[in-house]
Amino acid sequence: MKIFVPPIKSQGIKTKLVEWISSNIKEIKFDRWVEPFMGTGVVAFNVRPKKALLCDSNPHIINFYNALKDKEITSSIVKQHLIIEGEKLLKSDGKHYYEIRNRFNETGSPLDFLFLSRSCFNGMMRFNKKGGYNVPFCKKPNRFAQALVTKITNQVENISQIIENGDYTFINQDFKITLEQIESSNLVYSDPPYIGRHVDYFDSWSVDEEIILKNGLMKSNANFILSTWLSNKYRVNNYVFDIWKDCFVTTKEHFYHVGGKESNRNAVYEALLSNIPLTDSISNADMKFRIDSNESQLTSKPKTYSSPKQLTLTLEEQKPNS
Ligand SMILES: C[S@@+](CC[C@H](N)C(=O)[O-])C[C@H]1O[C@@H](n2cnc3c(N)ncnc32)[C@H](O)[C@@H]1O
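At position 139 of the sequence shown the residue is numbered 236 (our numbering), and the sequence of numbers has no breaks.
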């Protein structure tokens, strides 16, 4: 499967999980794809439904995709912007990043948003309490060398075409409003901030919200799938067996690094929860039994990754008691 990578980056991006998600839902029929937490949109843009409602509480993501949809931003406009601002970045030895950041925090320009997303530290998307973007520079003044500009331009072109060929609506709204707009014939993909993990202002997430999400999804009568984590070396996400106890679960091993050392490579079991059986799913009760009896938590076939591909999960993990 050729994966189309969106031009915007964010922690929690599902690029490495898209193929697994797609293969698990290919038998499900639906008339509209709904995402209450679209993030970068990588899942929708690769599933490529005919019709989709894609929402997020982050206004900048939605502005960016609406600007692509309305052709206010095209691949050639992006190319020109990155070349001009990239040169200023290089000449200023990186200081121009902070001028763009200030300008973005005043105007909310989608082009500046893209510039920041691709030149900030670690591709993070983080905002302060006042909604100001506050990620520092990646410290590479020559960041927008020709190869990267071409890559981003192609990403913008591909995603623009996917949007043009579909009937996609992008709305900046809280998930509770999106829940009210679901119809029973829709398929909902929910990817909320992971419960019990590192969060920031735009990604704050409570147990109450997880319960509201579950109840809203059940009330809609639509088929749904939800991304979450099942376990890591230190602990199990017990909300899976509590809030989501009557669901099915599909898992996949996923790796992330803490620092650069191979010995610091940690595995996390990613889970897809659903209210209908998926290609590789088992019931949550069966999974609980497996965990309690120390059996494998893997429901999908293991896949071998080359080392660089393991550097994907940017969720921050803390050791217990640290
Ligand atoms: C894990 S990310 C989604 C990642 C996405 N699936 C991807 O692959 O890029 C979670 C998203 O939920 C959004 N979000 C957080 N709280 C929200 C809320 N209350 N309502 C709607 N969206 C919210 C965040 O802005 C973020 O984009």
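Backbone N, C-alpha and C fix where the C-beta goes; we use that ideal spot for every residue, glycine too.
Assigned secondary structure, residue i (DSSP; H/G/I helix, E/B strand, else coil)
i: K148; result: strand
i: L369; result: strand
i: M98; result: coil
i: A141; result: helix
i: F134; result: coil
i: N255; result: helix
i: F241; result: coil
i: K111; result: coil
i: E350; result: strand
i: V232; result: coil
i: P103; result: coil
i: R129; result: strand
i: A164; result: helix
i: A364; result: strand
i: G357; result: Note that G357 has pLDDT 47, beneath the 50 cutoff, so the model's placement of it is unreliable and no number is given.
i: N391; result: coil
8 Å Cβ cutoff met for residue i and residue j
i: F267; j: I159; result: yes
i: F127; j: L284; result: yes
i: L276; j: L323; result: no
i: F321; j: N381; result: no
i: L114; j: M135; result: no
i: F272; j: L310; result: yes
i: V139; j: I110; result: yes
i: N334; j: I292; result: yes
i: E116; j: Y286; result: no
i: H193; j: K185; result: yes
Supposed contact pair residue j and residue i - C-beta distance, whole angstroms, cut 8 Å
i: I274; j: E307; result: That pair is no contact at about 17 Å.
i: F161; j: I125; result: With a Cβ gap of about 29 Å, F161 and I125 do not count as contacting.
i: L187; j: S257; result: Actually they do not touch by this definition, with Cβ atoms about 27 Å apart.
i: L211; j: I197; result: 10 Å between Cβ atoms; not a contact.
Residues near residue i by beta carbon distance below 7 Å, same chain, minus five either side
i: T444; result: Because the chain here runs from 98 to 419, residue 444 falls outside it and cannot be looked at.
i: N255; result: F101
i: D190; result: P238
i: N231; result: R223, F224 and N225
Per-residue burial, residue i [other beta carbons within 10 Å of its own, 16 or more giving buried]
i: G357; result: For G357, the pLDDT reaches just 47, beneath the cut-off of 50, and the residue's location in the model is therefore unreliable, although a value from the coordinates is still provided. Exposed: under 16 other Cβ atoms inside 10 Å.
i: T204; result: exposed
i: E182; result: buried
i: S216; result: buried
i: S317; result: buried
i: N418; result: Caution applies to N418, whose pLDDT of 42 falls short of 50 and renders its modelled position unreliable; the value that the coordinates give is listed next. By the 10 Å Cβ count, N418 comes out exposed.
i: N199; result: exposed
i: L98; result: One detail in the question is off: residue 98 reads as Met in this sequence, not Leu. Under this definition M98 is an exposed residue.
i: V304; result: exposed
6 Å CB neighbourhood of residue i in its chain, flanking five on each side removed
i: T396; result: T347, T348, D377 and I379
i: A368; result: T325, L327, V346 and T348
i: D288; result: F134 and S324
8 Å Cβ shell around residue i - same chain, five flanking residues per side excluded
i: I180; result: F241 and V246
i: Q394; result: L327, S328, T348, Y366, M384, R387 and I388
CB contact check: residue i to chain D, cutoff 8 Å
i: E261; result: The displayed structure is made up of one protein chain only, and chain D is not part of it.
beta-carbon residue i near ligand 3 non-hydrogen atom, thresh 7 Å
i: G229; result: For ligand 3, the structure offers nothing, since it holds only ligand 1.
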